[in-house]
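**Student:**
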Amino acid sequence: MKKVEQLSALAGQGIEGDRYLLGTGTYSKKPEPGRQITLIRSEILESLKGKSDITVRPEESRRNVLTEGIEINKLVGTEFYVGTVRLRAHRLTEPCKYLENLLEQPGLYEELWGNGGVSCEILTDGIIKEEDIITTVLD
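This is the structure we're talking about:
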């Protein structure tokens with residue numbers, strides 16, 4: 001994965017150019033709408049350095065959006081916005097052994113369990129940019 005300043009979110013489909021949308025690379029092929037975009041907290045990646053010798057750069061996390069200052073696990077089951085793009089968080093994104101092996105970081109799987117991010121469905125088209133704000137949808 002690579003860092004980009006913005007990405008194009010396509011409602012009901014995924015991220016323009018992403019391996020899930022293109023059907024390429026290594027990914028879970030289980031069809032479900034909650035696999036269209038993933039988020040992970042920057043604080044989790046930072047905490048790995050303090051708890052272990054594990055270092056994961058954001059672009060190595062295999063997640064699409066890096067967040068800061070929000071407990072994204074609490075978003076599961078809700079709809080919210082990242083900038084102007086509306087998302088629905090379906091479930092926690094648990095880590096896989098593939099990532100641990102790919103990065104040659106023993107223990108990464110266990111360290112990320114319960115904090116591997118959230119998997120979301122894209123509800124509206126739009127552009128997500130760096131510094132976009134996450135806002136919740138009130139019923």
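Everything in the sequence shown is counted per UniProt numbering, starting at 1 for the first residue and increasing by one. The beta carbon of each residue, even a glycine, is placed where N, CA and C say it ideally should be. A quick note: this is a predicted structure, and the numbers were derived from the prediction, not measured.
1) I need the boundaries of the alpha helix (DSSP H) containing K97, first residue and last residue.
2) Between the segment 111–131 and the segment 81–91, do three or more beta carbon pairs fall short of 8 Å?
3) If we ignore side chains and look at the alpha-carbon of each, how far apart do G126 and G17 end up?
4) Counting Cβ pairs, one atom from each stretch, are 3 or more of them under 8 Å apart for the segment 39–55 and the segment 6–25?
5) Could you pull the DSSP bridge partners for Y81 from this structure?
6) So, under 8 Å CB-CB, R91 and G14 are touching, yes? Tell me the CB distance rounded to an integer number of Å.
7) Under a Cβ-count criterion, where at least 16 other Cβ atoms within 10 Å of its own Cβ denotes burial, should L99 be classed as buried or exposed?
8) Buried or exposed for P58, please, with buried defined as at least 16 other CB atoms from any protein chain shown within 10 angstroms of its CB.
9) Beta strand (DSSP E) containing I40: first to last residue?
10) For L102, count the other beta carbons within 10 Å of its own beta carbon; 16 or more makes it buried, fewer makes it exposed. Which is it?
11) How far does the alpha helix (DSSP H) with L21 in it reach, from first residue to last?
12) Starting from the Cα of N73, find the closest Cα among Y20, G116 and R19 and give me that residue.
13) Should L108 go down as buried or exposed, given a rule of 16 or more other Cβ atoms within 10 Å for buried?
**Tutor:** Taking the structure as given:
1) K97 to L103
2) yes
3) 14 Å
4) no
5) R86 and T135
6) No, R91 and G14 are not in contact; Cβ-Cβ is about 16 Å, not under 8 Å.
7) buried
8) exposed
9) I37 to R41
10) exposed
11) R19 to L22
12) G116
13) buried
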